[in-house]
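**Q** If you read the sequence shown in the working numbering, its first letter stands for residue 81, the second for the next number, and so on.
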Amino acid sequence: MPHAPDYDDGNTLLDTAKPKLKRPKRYQVILLNDDFTPMEFVVLVLQEFFGMDEQKAHAIMLAVHHDGKGVCGVFSREVAEMKVQQVNQFSRAHKHPLMCQLEVV
Ligand code: TYC
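Following this line, the structure appears as structure tokens:
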């Protein structure tokens, strides 16, 4: 029967490695209200970039219109950054001041 050596033979596992996994952060895409962007344009943006049906898009648009800002969705950083860039670019291309931004959850 083999027994433990009384010297360090390099084979003794001294500590169990703890998995260092952190939950990835999530990022909210926030839409800001303004006085100039037409309501229909905001509804279109919510449908095209966030996959909402017209009813949901209209409800979110009205919530932003009344509250000043609102959440369009929650994504990984890469996806959220891409959505913000696409929406802001699309709004500028149509000469509307609509603004979208990121917030870490
Ligand atoms: N407040 C705008 C208007 O009265 C509509 C609007 C809603 C603009 C939501 C931006 O994120 C927004 N035409």
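The C-beta atom is built at its ideal place from N, Cα and C for all residues, glycine as well. From a predicted model like this one, the values you see are computed outputs, not experimental measurements.
#1: Give me the DSSP bridge partner(s) of E158.
#2: Could you check what DSSP says for L124 in three-state terms: helix, strand or coil?
#3: Would a C-beta distance cut-off of 8 Å place L182 and A160 closer than the cut-off?
#4: Comparing the CB of V151 with every heavy atom of the ligand TYC, is any distance shorter than 7 Å?
#5: Within 10 angstroms of the Cβ of L101, are there 16 or more other Cβ atoms? Answer buried if so, exposed if not.
#6: Taking the C-alpha atoms as reference points, what is the distance between C152 and I140?
**A** From the atom records:
#1: The sequence position of residue 158 within the sequence shown is 78, counting from 1. Paired residue(s): none; E158 is not in a bridge.
#2: Taking the sequence shown and counting its residues from 1, one reaches residue 124 at position 44. Helix at L124.
#3: In the sequence shown, residue 182 corresponds to position 102, counting from 1. In the sequence shown, residue 160 corresponds to position 80, counting from 1. A contact, by the Cβ cut-off of 8 Å.
#4: As a working mapping, residue 151 is identified with position 71 in the sequence shown. Because no heavy atom of the ligand TYC lies under 7 Å away, the Cβ of V151 does not count as near it: no.
#5: For the purposes of this step, residue 101 is taken as the residue at position 21 of the sequence shown. The residue is exposed, with fewer than 16 neighbouring Cβ atoms inside 10 Å.
#6: As a working mapping, residue 152 is identified with position 72 in the sequence shown. As a working mapping, residue 140 is identified with position 60 in the sequence shown. Their backbone Cα atoms lie some 8 Å apart in a straight line.
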